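J.:
Residue numbers (UniProt numbering): 1 to 456.
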């Protein structure tokens, strides 16, 4: 039975090698995935200010729904990892099918909700009438892509949990190249294609995602994957749905609150004028770039911890979490310190000809680059907690980090001291120091080690 695992074996071998073999392809996958909006923005940027604004207005609304829907993918990944570790291969197929069933139903609900409220939500955020209809048309096509978006997110998470990280990476890389190639044809109307403008960018992404969905579904149905889907596995299992909901809801809340908190911090920076908003946007780019490998290691840690917990190897699961946290702390601290001499040059490259923006964004970078390791280590430990099925604890720590540490620190320093906008910048370091303390205490003394499945 053990030969059925076709990816990285996570319950045996040196842990450092296992973590890196799982984390690297996941990181590449995440980096490529984040390039979709960059590719679309590259082509749409040639259509003028109204087209750029239409995409900018619609992006956050779509992103919030994606964050809220990510919990079921997390739940599926946790249960897949633990069943794989326990060698309960019959349950792998069942969990995968049930996860896809729930994700599809949620995506259809979000699609209907988003399309029905698109106009109203654009009015609420103050979109100008001249771009309202354009932004709504773009959003409606994006909402049509909810099913393939959620399906791909869930299937990639489950494949990563059984160690099939390279297959997921290859599909993602193929998607970005296909999207980049299709964009100009649909946006500008090259050859026999109609000129669709902004809608063409959204449609290109939808077409590429549908193609990738078919490829991965074929992989899961063909018997070439560790996960062998069969149609009878899609019959609703209410006991499983309740378990997945109890795991997925906290994960969704965690992601939703993180997204909402980022919007509030952006709003706080904007209260200091256009300069504050611009500096926040420019200063965040290197931070978000380096956050991607942090999340890659966090997902890898969740998979490794989940499989080892499922196999009953609790000590190995703890060692994997401890090792991941140290790799994150030492590696990202070194990267952050190495960036310090180059901060002004980086910001000048991101905001050429804007010395005031460069200066304020550099202050932001100086506040977070030395602390990149402290940002990374909690992400690794939170991944471990999720992999063990303790999504509520992960959610609680994230909420405390955002609303007990970061938000109060940002507002108090910004408005009650002469430091002003520096309060927003320094709130990142303050929040993550608090998160690291909480994660370390919970790792050592908390009841986060949970086996959700029985061994075979």
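C-beta atoms are modelled at their ideal positions from N, C-alpha and C, and glycine is treated no differently. Bear in mind the structure is a predicted one, so any value in this text is a computation, not a measurement.
(1) Taking all protein chains shown into account, decide if residue 231 is buried (16 or more other Cβ within 10 angstroms of its Cβ) or exposed.
(2) Answer with buried or exposed for residue 448, where buried requires no fewer than 16 other C-beta atoms within 10 angstroms of its C-beta.
(3) If you count every other CB in all the chains shown that lies within 10 Å of the CB of residue 142, and 16 or more means buried, which is it?
(4) Rounded to whole angstroms, what is the Cα-Cα separation between residue 66 and residue 222?
(5) I think residue 44 touches residue 180, with their Cβ atoms under 8 angstroms apart; what is that distance to the nearest whole Å?
(6) Does DSSP put residue 388 in a helix, a strand or coil?
(7) Run through DSSP, which three-state label would residue 237 get?
(8) What's the C-alpha gap between residue 23 and residue 357?
(9) On the criterion of 16 or more Cβ atoms from any shown chain inside 10 Å, does residue 16 qualify as buried, or is it exposed?
(10) At what residue ranges does the region 350-405 contain a whole run of the alpha helix (DSSP H), taking only runs of 4 or more?
(11) Please tell me whether residue 435 and residue 397 are closer than 8 angstroms, where the distance is taken between their beta carbons.
(12) Which same chain residues end up closer than 6 angstroms to residue 155 when comparing Cβ atoms and leaving out the 5 residues on each side of it in sequence?
(13) Does the region 103-111 touch the region 281-292, meaning 3 or more C-beta pairs lie closer than 8 angstroms?
(14) Which residue marks the beginning of the alpha helix (DSSP H) containing residue 413, and which one marks its end?
(15) Can you tell me which of 204, 178, 173 and 174 puts its alpha carbon nearest to the alpha carbon of residue 187?
(16) Give the DSSP-derived three-state secondary structure of residue 10 in the structure shown.
(17) Helix, strand or coil for residue 443, going by three-state DSSP, please let me know.
(18) Secondary structure at residue 193, three-state DSSP: helix, strand or coil?
(19) Go through its chain and collect everything with a Cβ distance to residue 218's Cβ below 8 angstroms, but skip five positions before and after it.
(20) DSSP state of residue 227, grouped into three classes?
(21) Under three-state DSSP, which class holds residue 459?
(22) When the distance is taken between beta carbons, is residue 336 closer than 8 angstroms to residue 383?
(23) Assuming residue 430 and residue 422 make a contact with CB atoms under 8 angstroms, what is their CB distance in whole Å?
(24) So for residue 300, helix, strand or coil by DSSP?
(25) Would you say the region 156-170 touches the region 73-83, given that touching needs at least three Cβ pairs under 8 angstroms?
(26) Between residue 257 and residue 191, what straight-line distance do the alpha-carbon atoms span, to the nearest angstrom?
(27) Find the nearest neighbour of residue 146 within the set 119, 100 and 346, judged by alpha-carbon distance.
(28) First and last residue of the alpha helix (DSSP H) that includes residue 25?
(29) For residue 427, which residues from the same chain have a beta carbon less than 6 angstroms from its beta carbon, with the 5 sequence-adjacent residues on both sides left out?
(30) Do you know offhand how far residue 456's Cα is from residue 11's?
(31) Do three or more CB pairs link the region 80-99 to the region 263-283 at distances below 8 angstroms?
(32) So, for residue 42: in the same chain, excluding its five sequence neighbours on each side, which residues have a beta-carbon less than 7 angstroms away from its beta-carbon?
(33) Quick test of your reading: residue 19 and residue 300, contact by CB under 8 angstroms. State the CB separation rounded to the nearest angstrom.
(34) So, with DSSP's three-state summary, where would you put residue 335?
(35) Report the three-state DSSP secondary structure of residue 317 (helix, strand or coil).
(36) What are the uninterrupted segments assigned as alpha helix (DSSP H) that are 4 or more residues long and contained completely in the region 71-128, given in chain order?
T.: Looking at the atomic coordinates:
(1) Mapped onto the chain shown, residue 231 falls at position 231. Classification of residue 231: exposed, given that the 10 Å Cβ count is below 16.
(2) As a position in the chain shown, residue 448 is number 448, starting the count at 1. Counting Cβ neighbours within 10 Å, residue 448 comes out buried, since at least 16 surround it.
(3) Start at 1 with the first residue of the chain shown, and residue 142 comes out as number 142. Label assigned to residue 142: buried.
(4) Here residue 66 refers to the residue found at position 66 when the chain shown is read from its first residue. Here residue 222 refers to the residue found at position 222 when the chain shown is read from its first residue. Approximately 29 angstroms, taken between the alpha carbons.
(5) Position 44 of the chain shown holds residue 44. Position 180 of the chain shown holds residue 180. Actually they are not in contact, since the Cβ atoms of residue 44 and residue 180 sit about 13 angstroms apart, beyond 8 angstroms.
(6) Along the chain shown, read from residue 1 onward, the residue named residue 388 stands at position 388. Three-state DSSP puts residue 388 in coil, outside helix and strand.
(7) By one-based count along the chain shown, residue 237 stands at place 237. Coil at residue 237, not helix or strand.
(8) Position 23 of the chain shown holds residue 23. Position 357 of the chain shown holds residue 357. Going from the Cα of residue 23 to the Cα of residue 357 covers about 35 angstroms.
(9) Taking the chain shown and counting its residues from 1, one reaches residue 16 at position 16. Burial call: exposed.
(10) 355-368, 372-387 and 391-400
(11) As a working note, residue 435 is residue 435 in the chain shown. As a working note, residue 397 is residue 397 in the chain shown. Cβ atoms of residue 435 and residue 397: closer than 8 angstroms.
(12) The residue you call residue 155 lines up with position 155 of the chain shown. Excluding sequence neighbours, residue 155 sits near 216.
(13) no
(14) Mapped onto the chain shown, residue 413 falls at position 413. Per DSSP, residue 413 belongs to the alpha helix (DSSP H) from 407-416.
(15) Your numbering for residue 187 matches position 187 in the chain shown. Measuring from the Cα of residue 187, the nearest candidate turns out to be 204.
(16) For the purposes of this step, residue 10 is identified with residue 10 of the chain shown, where counting begins at 1. Coil.
(17) Reading the chain shown from its first residue, position 443 is the one you call residue 443. Note: residue 443 maps to helix in three-state DSSP.
(18) Position 193 of the chain shown, counted from the start, is the residue given in the question as residue 193. If DSSP states are grouped into helix, strand and coil, residue 193 belongs with coil.
(19) To locate residue 218, count along the chain shown from 1; it is residue 218. Closer than 8 angstroms at the Cβ level, and outside the excluded window around residue 218, lies no residue.
(20) Residue mapping note: residue 227 aligns to position 227 of the chain shown, counting from 1. Reduced to three states, the DSSP call for residue 227 is coil.
(21) Residue 459 falls outside the range modelled here, since the chain spans only 1 to 456, and no answer is possible.
(22) In the chain shown, residue 383 corresponds to position 383, counting from 1. In the chain shown, residue 336 corresponds to position 336, counting from 1. Taking 8 angstroms as the Cβ cut-off, residue 383 and residue 336 do not qualify as a contacting pair.
(23) What you label residue 430 is simply residue 430 of the chain shown in a count that begins at 1. What you label residue 422 is simply residue 422 of the chain shown in a count that begins at 1. Not really, about 12 angstroms apart at Cβ, beyond 8 angstroms.
(24) What you label residue 300 is simply residue 300 of the chain shown in a count that begins at 1. Residue state, collapsed to three classes: helix.
(25) yes
(26) The count along the chain shown starts at 1 and reaches residue 257 at position 257. The count along the chain shown starts at 1 and reaches residue 191 at position 191. Spanning the two alpha carbons is a distance of roughly 45 angstroms.
(27) Taking the first residue of the chain shown as position 1, residue 146 is located at position 146. Ranking 119, 100 and 346 by Cα distance to residue 146 puts 100 first.
(28) Translated into the one-based positions of the chain shown, residue 25 becomes position 25. Taken as a continuous stretch (DSSP letters only), the alpha helix (DSSP H) holding residue 25 covers 15-33.
(29) Here residue 427 refers to the residue found at position 427 when the chain shown is read from its first residue. Cβ within range, chain order: 406, 409 and 410.
(30) Taking the first residue of the chain shown as 1, we reach residue 456 at position 456. Taking the first residue of the chain shown as 1, we reach residue 11 at position 11. Its pLDDT being 44, under 50, residue 456 is placed unreliably in this model, and the value from its coordinates should be taken loosely. Each residue's alpha carbon lies about 15 angstroms from the other.
(31) no
(32) By 1-based counting over the chain shown, the position of residue 42 is 42. Closer than 7 angstroms at Cβ, skipping near neighbours: no residue.
(33) Position 19 of the chain shown, counted from the start, is the residue given in the question as residue 19. Position 300 of the chain shown, counted from the start, is the residue given in the question as residue 300. So it is a contact: roughly 6 angstroms between Cβ atoms.
(34) To locate residue 335, count along the chain shown from 1; it is residue 335. Reduced to three states, the DSSP call for residue 335 is helix.
(35) Numbered from its first residue, the chain shown carries residue 317 at position 317. Looking at residue 317 - three-state DSSP - the assignment turns out to be helix.
(36) 89-124
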